[in-house]
Structures are given as C-alpha cells and as structure tokens.
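Engineer: Attaching a single structure in structure tokens format; questions to follow.
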Amino acid sequence: MKQATKQNTIGEILEMNSEVAALFLGHGMFCISCPSAQNESLEEACMVHNIDADELLDLINKFLAAEEDESEDK
120 MKQATKQNTI GEILEMNSEV AALFLGHGMF CISCPSAQNE SLEEACMVHN IDADELLDLI
180 NKFLAAEEDE SEDK
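Going from the sequence shown to my numbering is simple: count from 1 and add 119.
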C-alpha cells in the first residue's frame with residue numbers, strides 16, 4: 120500500500136496519485152505546480168502555509184488507501 124510521509128516532497132506525493140492535488144488545493148496549497156514542490160517536503164510546505172502536517176498527511180494516506188482499495192475491486 121502506498122503511504123506518504125511528512126518527509127516526502129509534494130512532487131513525490133503527487134507521483135503516487137495525481138488526484139491528491141485536490142487535497143492540497145482544498146487546503147489552499149497551490150504550490151503543487153510550483154517548482155519548489157519538487158524539493159519541498161510536505162512538512163516544510165505545511166509549515167509555510169500554517170497547516171497541520173499530521174492532519175493533512177492523514178487525509179492523504181486515507182485517500183491513497185481508498186484509491187488503492189477501489190482499484191483492487193475492479
């Protein structure tokens with residue numbers, strides 16, 4: 120199962136599943152298209168945007184798990 124960590128860059132997380140972008144956008148993190156997304160960790164990006172990294176990480180991992188479960192059911 121794919122799992123993101125706070126040390127993953129935004130780019131790495133988007134590579135796991137590009138649809139995760141909606142979670143970033145929903146939190147006002149429009150950095151997904153920013154060049155720094157390739158080098159900035161989730162934790163660093165959350166700090167800059169004053170977002171709870173643990174909370175967002177939990178949402179991301181729940182999303183990734185649900186998407187994986189859905190693809191296994193097909």
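Just so you know, even glycine gets a beta-carbon here, dropped at the ideal spot from N, CA and C.
Since the structure is predicted, the reported quantities are computational estimates derived from the model, not experimental observations.
How about residue 162 and residue 126: are their beta carbons less than 9 angstroms apart?
Structural biologist: To locate residue 162, count along the sequence shown from 1; it is residue 43. To locate residue 126, count along the sequence shown from 1; it is residue 7. Taking 9 angstroms as the Cβ cut-off, residue 162 and residue 126 qualify as a contacting pair.
Engineer: Along the alpha helix (DSSP H) that carries residue 143, what are the first and last residues, could you check?
Structural biologist: Start at 1 with the first residue of the sequence shown, and residue 143 comes out as number 24. From DSSP, the alpha helix (DSSP H) with residue 143 extends over 140-145.
Engineer: Based on the DSSP output, what are the partners of residue 124 in its beta bridges?
Structural biologist: Translated into positions along the sequence shown, residue 124 becomes position 5. According to DSSP, residue 124 bridges with nothing at all.
Engineer: On the CB-based measure, 16 or more other CB atoms within 10 Å of its CB, does residue 144 come out buried or exposed?
Structural biologist: Numbered from its first residue, the sequence shown carries residue 144 at position 25. Answer is exposed; the Cβ neighbour count stays below 16.
Engineer: Based on DSSP bridge pairs, tell me the residues matched to residue 137.
Structural biologist: On the sequence shown, position 18 is the one that residue 137 refers to. Residue 137 pairs with nothing; no bridge assigned.
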